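Each residue of the sequence shown is one higher than the last, beginning at 8 in my numbering.
The beta-carbon is built from N, C-alpha and C at its ideal position, and this holds for glycine as well.
Everything numeric in this text was worked out from a predicted model, so none of it was measured.
I have placed the structure first, in the form of structure tokens, so that the comments after it can refer back to it.
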Amino acid sequence: MSEKSMIPSPQYTFNEAIGVCLAMGQRALAEVRALSRMPGPPGETGSEGKRGLQGEKGEKGEKGERGELGKQGPTGIDGKDGERGPKGEPGRNATDLTLIQETIEQRIERAIEAMSVTTPDRGRTWLFSFGGKTVRELKTALVLDAGAWKEGTSYAAGDGVSLGGSFFIAQADTSTKPPSKDWRLAVRSGRDGKDYRADEKRTPELVRLK
Numbered sequence: 008m009s010e011k012s013m014i015p016s017p018q019y020t021f022n023e024a025i026g027v028c029l030a031m032g033q034r035a036l037a038e039v040r041a042l043s044r045m046p047g048p049p050g051e052t053g054s055e056g057k058r059g060l061q062g063e064k065g066e067k068g069e070k071g072e073r074g075e076l077g078k079q080g081p082t083g084i085d086g087k088d089g090e091r092g093p094k095g096e097p098g099r100n101a102t103d104l105t106l107i108q109e110t111i112e113q114r115i116e117r118a119i120e121a122m123s124v125t126t127p128d129r130g131r132t133w134l135f136s137f138g139g140k141t142v143r144e145l146k147t148a149l150v151l152d153a154g155a156w157k158e159g160t161s162y163a164a165g166d167g168v169s170l171g172g173s174f175f176i177a178q179a180d181t182s183t184k185p186p187s188k189d190w191r192l193a194v195r196s197g198r199d200g201k202d203y204r205a206d207e208k209r210t211p212e213l214v215r216l217k
């Protein structure tokens, strides 16, 4: 009889053996799955592939906030004096200023002598011309006396007419009879005196001076 202790082998039924085998298989499968999720050692860098096509231009992003003002940089080195420029042309002699002034005055005098002033509408429009060529037209606001108002006559703005002892001034070009919206009453006719006696002779009263 051997002196070594004998460990009796476990006794399993068929169903128990199948269950043990399934449990061991599930344990081994779980470990394999855990090992598959662990990253392996990095491989060697492959060769650079071809450059892809350029994509479409994206939309312009919003303008960012203005950054803080940076620190002032160091003072630069003073520049060297540049080369001297070329000599300029001689300036104008100031002694001819009197001659120029006299020439201008003479031209102005000749222009004034050649100037003519005409008015086609009795003073409301003035035409200034030099040498027969009109160069300036001046409109005035003068009131012109057009006499007594006449039926069928056209009057310009500013014409003054008398009618019925009153004086009217035209406010626009018109041929209507005053008073109307085209005429402004300037002077109203006076009322007849009630106490006037043409044949009555009055005795002058004495006035004493103190």
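For S173, report the span of its beta strand (DSSP E) as first-last.
Segment 173-177, the beta strand (DSSP E) holding S173.
Rounded to the nearest angstrom, how far is the Cβ of L145 from that of F135, given a contact under 8 Å?
Indeed, because the Cβ distance is near 7 Å, the residues count as touching under 8 Å.
Exposed or buried, D180, counting other C-beta atoms within 10 Å across all chains shown (16 or more means buried)?
So D180 counts as exposed.
According to DSSP, which residues form a beta bridge with S123?
DSSP, once it has assigned bridges, lists S136 as partnering S123.
List the residues that DSSP assigns as beta-bridge partners of D166.
Answer is L151.
CB A148 to CB A164, shorter than 7 Å?
No, the pair does not count as a contact, with Cβ atoms beyond the cut-off.
According to DSSP, simplified to helix, strand and coil, what is V39?
Under the three-state reduction of DSSP, V39 is assigned to helix.
Look at the alpha carbon of K94 and the alpha carbon of T102, and state the distance between them as a whole number of angstroms.
Put simply, the backbone Cα of K94 is about 23 Å away from that of T102.
Buried or exposed, going by whether 16 or more other CB atoms sit within 10 Å of the CB of A35?
Its Cβ having fewer than 16 others within 10 Å, A35 is exposed.
Go ahead and label A193 buried or exposed: buried means 16 or more other beta carbons lie within 10 angstroms of its beta carbon, across all protein chains shown.
Exposed is the call here.
Flag this pair as yes or no: are the beta carbons of S187 and G172 separated by less than 7 Å?
For S187 and G172, no; Cβs fall outside 7 Å.
Measuring only the C-alpha atoms, how far is E161 from K140?
First, the residue type needs correcting, since residue 161 is Ser and not Glu in the sequence shown. Approximately 30 Å, taken between the alpha carbons.
Can W156 and V142 be called in contact, C-beta distance under 7 Å?
Not in contact: W156 and V142 (Cβ atoms no closer than 7 Å).
Please return the same chain residues whose Cβ sits closer than 8 Å to the Cβ of G74, not counting the five positions on each side in sequence.
Listed in chain order, the non-local C-beta contacts of G74 below 8 Å within the same chain number zero, local neighbours out to five positions each way being set aside.
For V142, which beta-bridge partners are listed by DSSP?
In the DSSP output, where bridge partners are listed per residue, V142 has none listed.
Helix, strand or coil: how does DSSP classify R191 here?
In the structure shown, R191 falls within a strand segment according to DSSP collapsed to helix, strand and coil.
Taking DSSP as the reference, what is the three-state secondary structure of T110?
Helix.
By the 10 Å Cβ neighbour count, where 16 or more other Cβ atoms means buried, how is D85 classified, buried or exposed?
Residue environment: D85 is assigned as exposed (fewer than 16 neighbouring CB atoms within 10 Å of its CB, all protein chains considered).
Looking at W190 and F174, is the spacing between their C-beta atoms short of 7 Å?
No, the pair does not count as a contact, with Cβ atoms beyond the cut-off.
Tell me, please, which residues DSSP counts as bridged to T160.
According to DSSP, T160 bridges with nothing at all.
Buried or exposed, going by whether 16 or more other CB atoms sit within 10 Å of the CB of A153?
Classification for A153: buried.
Mind checking P46: buried by the 16 CB within 10 Å criterion, or exposed?
Classified as exposed, P46 has fewer than 16 neighbouring CB atoms from the shown chains inside 10 Å of its CB.
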